[in-house]
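Protein chains in written order, with this note's numbering: chain A, 233 to 348; chain B, 2 to 110. Every residue gets a Cβ at the ideal spot worked out from N, C-alpha and C, and that includes glycine. First comes the structure, then the notes that go with it.
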């Protein structure tokens, strides 16, 4: 149990376009979902935390108007990178809490975004 | 000071070796602790939780010292498949997880 999926797994887009990434908990209800970003050879950095039905809480330095997060249901959260630029190219990983182990986050497989 | 600090690595060891990773954390209110493993270009996967009494899972042993705010991971009899980046993760509260930068391990034949 506790499977989290992400879609797409890889996306290449032109600068200035918007990209939406979906994160789904497949076999449990995720009370909280998290979005992370990981640049090459660096650790995961938390971008934001979202609870179903409420506004996301963004980490310091993360622009909420650029990284739009929607958590419309207990099994789905979306991250939209608006007006993407090459510096937004990164590995975006979501995770979900609320699965079998109370204090554990279950990670999605990640989405690799390349902005040309 | 970073919230979670790990050995910088990389560690290059032969098969069969024993290798130890260390991690320190700054938030004394941290409540739970984990080691995650991350393979190249993949998401992190939970390796094991770390308990105050120390815990073992096969070749892997994790230790926690709350007084020193220190966590360790010991891998015995290293396998080629153990090659990965090992992330120390600290959970303060409400699932606020903080990740170390990771330590890369390469096990060679």
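Asked: Separation of residue 7 (chain B) from residue 38 (chain B), as counted between CA atoms; Found: 14 Å
Asked: Check whether residue 73 (chain B) and residue 64 (chain B) have beta carbons under 9 Å apart; Found: yes
Asked: Distance, residue 24 (chain B) Cα to residue 258 (chain A) Cα; Found: 33 Å
Asked: Inter-stretch contact at 8 Å, needing at least 3 Cβ pairs: the region 289-296 of chain A / the region 320-340 of chain A; Found: no
Asked: Per DSSP, the bridge partner or partners of residue 294 (chain A); Found: None; residue 294 (chain A) has no bridge partner.
Asked: CB contact check: residue 325 (chain A) to chain B, cutoff 9 Å; Found: yes
Asked: Validate contact between the region 307-315 of chain A and the region 261-278 of chain A using beta carbons, cut 8 Å, 3 pairs; Found: yes
Asked: Chain-ordered chain B contacts of residue 274 (chain A) [CB-CB under 8 Å]; Found: 102
Asked: Helix, strand or coil at residue 1 (chain B) [DSSP, three-state]; Found: With chain B covering only 2 through 110, there is no way to say anything about residue 1 (chain B).
Asked: CB contact below 9 Å: residue 341 (chain A) versus chain B; Found: yes
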